[in-house]
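Student: I am attaching a structure below and will ask some questions about it afterwards.
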Amino acid sequence: MTLGRVVGNVVSTQKNEKLEGAKLLLVQPLDLSLQARGAPVMAVDGVDAGIGDLILLIQDGRSAQLVLGKGAAAVDAAVIGVVDAVEMA
Amino acid sequence: MTLGRVVGNVVSTQKNEKLEGAKLLLVQPLDLSLQARGAPVMAVDGVDAGIGDLILLIQDGRSAQLVLGKGAAAVDAAVIGVVDAVEMA
Amino acid sequence: MTLGRVVGNVVSTQKNEKLEGAKLLLVQPLDLSLQARGAPVMAVDGVDAGIGDLILLIQDGRSAQLVLGKGAAAVDAAVIGVVDAVEMA
Amino acid sequence: MTLGRVVGNVVSTQKNEKLEGAKLLLVQPLDLSLQARGAPVMAVDGVDAGIGDLILLIQDGRSAQLVLGKGAAAVDAAVIGVVDAVEMA
Amino acid sequence: MTLGRVVGNVVSTQKNEKLEGAKLLLVQPLDLSLQARGAPVMAVDGVDAGIGDLILLIQDGRSAQLVLGKGAAAVDAAVIGVVDAVEMA
Chain A
1 MTLGRVVGNV VSTQKNEKLE GAKLLLVQPL DLSLQARGAP VMAVDGVDAG IGDLILLIQD
61 GRSAQLVLGK GAAAVDAAVI GVVDAVEMA
Chain B
101 MTLGRVVGNV VSTQKNEKLE GAKLLLVQPL DLSLQARGAP VMAVDGVDAG IGDLILLIQD
161 GRSAQLVLGK GAAAVDAAVI GVVDAVEMA
Chain C
201 MTLGRVVGNV VSTQKNEKLE GAKLLLVQPL DLSLQARGAP VMAVDGVDAG IGDLILLIQD
261 GRSAQLVLGK GAAAVDAAVI GVVDAVEMA
Chain D
301 MTLGRVVGNV VSTQKNEKLE GAKLLLVQPL DLSLQARGAP VMAVDGVDAG IGDLILLIQD
361 GRSAQLVLGK GAAAVDAAVI GVVDAVEMA
Chain E
401 MTLGRVVGNV VSTQKNEKLE GAKLLLVQPL DLSLQARGAP VMAVDGVDAG IGDLILLIQD
461 GRSAQLVLGK GAAAVDAAVI GVVDAVEMA
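Going down the list, the sequences are from chains A, B, C, D and E.
Oh and the first sequence: position 62 is 62 in the numbering used here, straight run, nothing missing.
Adding 100 to a residue's 1-based position in the second sequence gives its number in the numbering used here.
Adding 200 to a residue's 1-based position in the third sequence gives its number in the numbering used here.
Adding 300 to a residue's 1-based position in the fourth sequence gives its number in the numbering used here.
Adding 400 to a residue's 1-based position in the fifth sequence gives its number in the numbering used here.
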């Protein structure tokens, strides 16, 4: 999983039926200093996250499919948690 | 998921039976400023996209298989939506 | 699998139900000289590892799901072993 | 999927039983100008491709397993089509 | 699949039960000139390979799980064949 921040959302009307009902977020991956790292990705929302939230991002098709809580979905990334804290040793 | 634009298509007559009936698009991944990012990829069309469309690209075998709406297909990328807008916070 | 060291943990209260019960570790991937290589990743703990432990990290959704020993989990990385030694020929 | 060219083949006598019967090709990934891009990969042949053929390469375990048309195979890449043309808009 | 050489092995006593019985090898990926390319990875042995062997490496969770010949294993890479020859056209 990667640390990220929700920075927007994606609107798509014409989409594959396997994507119906999915809320799509735009996520900026971050390093541990909360600086941007790499390009933003689109991810399905599995935790009702909002703009500005610090989140946990997964990037794997089979696991991302699980977060919608219904049949298989054609997605490859998902937001699965809002991060309260990252505790370093 | 990644933002991309459909820039062409791929013609293949001699192909594996697990690829029969799939329409193959050539997609250029884009950044949020709609500039090209990385090399073009071939992806199966899951949304009846056309040349020039701004689209959502998934890159995962299991999820890409779902978009054809029939049995398993030997693909690793798919176009799953046409993007109306990316809304930044 | 990749060599890594547990350097912290992640606290998330608001999370997807498919992540319930998972202990999330912060892992720094290492090279064979035990120097940091690449960015830290978050991984589910499948071996009761502790801070400072030298560990084996897997990065694959389907395999990471297995380590929790129950139904499918929405994860894409896991700590699966504590490394005693890496023996070079 | 990625564009590539078949540049050789791989001979392996001592192999895992989940790889029996698979013909292994050496494939050089190409860009759209047909120039080499990145390192060559080994891929199972799902389309009876020959040396010199311009082909479609998939790199995903679950999808590559499908091309052999029998039970699960321990592979992570496959040649799934011979490319007749890439049509740019 | 990628070409590699077995350069060592990994000892882990405290490990996830889904990794029991797996022999873990340290593999250095190689290019076609047999020069090291990238960082070494840990992989489960699916072919009884020995130190110094030139081998075929797969990096995919679902496929790597198959090589142990029993239930699901929490692995993401495997050695699946000993390479006799790579024949270039």
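Note that CB positions come from ideal geometry on N, CA and C, so glycine has one too.
In this text, all values refer to a predicted model and were calculated from it rather than measured experimentally.
Strictly below 8 Å CB to CB, what residues from chain A border lysine 215 of chain C?
Tutor: Those within 8 Å of lysine 215 of chain C in chain A are Val47, Leu56, Ile80, Gly81 and Val82.
Student: Can you tell me the Cβ-Cβ gap for lysine 418 of chain E and alanine 477 of chain E, rounded? I've got them flagged as a contact below 8 Å.
Tutor: That belief does not hold up - the Cβ atoms of lysine 418 of chain E and alanine 477 of chain E are roughly 15 Å apart, past 8 Å.
Student: Measure the C-alpha to C-alpha separation of leucine 32 of chain A and arginine 237 of chain C and round it to an integer number of angstroms.
Tutor: Each residue's Cα considered, the two are about 15 Å apart.
Student: Between valine 327 of chain D and chain E, is there a C-beta pair that is closer than 8 Å?
Tutor: Not an interface residue.
Student: Indicate whether at least one CB of chain B lies closer than 8 Å to the CB of lysine 23 of chain A.
Tutor: It does not: the Cβ of lysine 23 of chain A has no partner Cβ on chain B nearer than 8 Å.
Student: Looking only at C-alpha atoms, which of B/Ala139, B/Glu187, B/Met188 and B/Gln165 sits nearest to lysine 123 of chain B?
Tutor: When only C-alpha atoms are compared, the closest one is B/Gln165.
Student: Given that a residue counts as buried once 16 or more other Cβ atoms are within 10 Å of its Cβ, and exposed if not, what is leucine 434 of chain E?
Tutor: Exposed.
Student: Within 8 Å of any Cβ in chain A, is that where the Cβ of glycine 204 of chain C sits?
Tutor: Glycine 204 of chain C does not count as touching chain A.
Student: Among A/Gln14, A/Ala49, A/Asn16 and A/Thr13, which has the Cα closest to the Cα of leucine 25 of chain A?
Tutor: The option with the nearest alpha carbon to leucine 25 of chain A is A/Ala49.
Student: For glutamate 387 of chain D, which residues does DSSP report across the bridge?
Tutor: DSSP, once it has assigned bridges, lists B/Asn109 as partnering glutamate 387 of chain D.
Student: Can you check whether the C-beta of valine 310 of chain D is within less than 8 Å of a C-beta belonging to chain E?
Tutor: Closer than 8 Å: yes.
Student: Could you give the C-beta distance for isoleucine 58 of chain A and isoleucine 80 of chain A, rounded to a whole number, given that I count them as a contact under 8 Å?
Tutor: About 6 Å; that satisfies the 8 Å criterion.
Student: Alpha helix (DSSP H) containing glutamine 314 of chain D: first to last residue?
Tutor: Neither: glutamine 314 of chain D is in no alpha helix (DSSP H) and is coded neither H nor E.
Student: Taking the CB atoms as reference points, tell me whether proline 340 of chain D and threonine 302 of chain D lie closer together than 8 Å.
Tutor: Result no, Cβ atoms of proline 340 of chain D and threonine 302 of chain D do not sit closer than 8 Å.
Student: Are any of the Cβ atoms in chain E nearer than 8 Å to that of glycine 252 of chain C?
Tutor: Glycine 252 of chain C does not count as touching chain E.
Student: With DSSP run on the structure shown, which of helix, strand or coil describes glycine 161 of chain B?
Tutor: In the structure shown, glycine 161 of chain B sits in a helix (DSSP, three-state: H, G or I).
Student: Pull up the DSSP beta-bridge partners for alanine 378 of chain D, would you.
Tutor: Note: alanine 378 of chain D sits in a beta bridge opposite D/Val344 and D/Ile358.
Student: Let's test the definition: count the other Cβ atoms within 10 Å of the Cβ of methionine 188 of chain B and tell me whether it reaches 16, buried, or not, exposed.
Tutor: It counts as exposed.
Student: For aspartate 153 of chain B and valine 182 of chain B, which I take to be in contact (beta-carbon distance under 8 Å), what is that distance rounded to the nearest angstrom?
Tutor: Right, the Cβ-Cβ distance comes to about 5 Å (below 8 Å), so this counts as a contact.
Student: With DSSP as the reference, label leucine 24 of chain A as helix, strand or coil.
Tutor: Three-state result, leucine 24 of chain A: strand.
Student: Cα separation between aspartate 445 of chain E and valine 186 of chain B?
Tutor: Roughly 46 Å between the two C-alpha positions.
Student: If contacts are defined as beta-carbon pairs under 8 Å, then leucine 356 of chain D and serine 112 of chain B qualify, I think. What distance do you get, rounded to the angstrom?
Tutor: Sure, about 6 Å apart at Cβ, within 8 Å.
Student: Near arginine 5 of chain A, which residues of its chain fall below 8 Å by C-beta distance, leaving aside the five closest residues on each side in sequence?
Tutor: Once the five neighbours on either side are set aside, the close Cβ partners of arginine 5 of chain A are Val27, Gln28, Leu30, Leu34, Gly52, Asp53, Leu54 and Ile55.
Student: What is the DSSP secondary structure of leucine 366 of chain D, counted as helix, strand or coil?
Tutor: The answer is helix: DSSP assigns leucine 366 of chain D an H, G or I state.
Student: Helix, strand or coil for alanine 436 of chain E, going by three-state DSSP, please let me know.
Tutor: Strand at alanine 436 of chain E.
Student: Does DSSP classify glycine 252 of chain C as helix, strand or coil?
Tutor: Coil, per DSSP.
Student: Would you verify that the beta carbon of glutamate 320 of chain D is, or is not, closer than 8 Å to some beta carbon of chain B?
Tutor: Not an interface residue.
Student: Under 8 Å between C-beta atoms, does arginine 137 of chain B make it to chain D?
Tutor: Not an interface residue.
Student: Mind checking if serine 33 of chain A is an interface residue toward chain C, Cβ cutoff 8 Å exclusive?
Tutor: With 8 Å as the cut-off, serine 33 of chain A does not count as an interface residue toward chain C.
Student: Could you say which of A/Ala43, A/Asn16, A/Glu20 and A/Arg62 lies nearest to glycine 8 of chain A if we only look at CA atoms?
Tutor: Looking at the Cα atoms, A/Ala43 is the closest of the given residues.
Student: Kindly list the residues whose CB is nearer than 7 Å to the CB of valine 247 of chain C, restricted to its own chain and excluding five residues on each side of it in sequence; keep chain order.
Tutor: Hits under 7 Å: Val279, Ile280, Gly281 and Val282.
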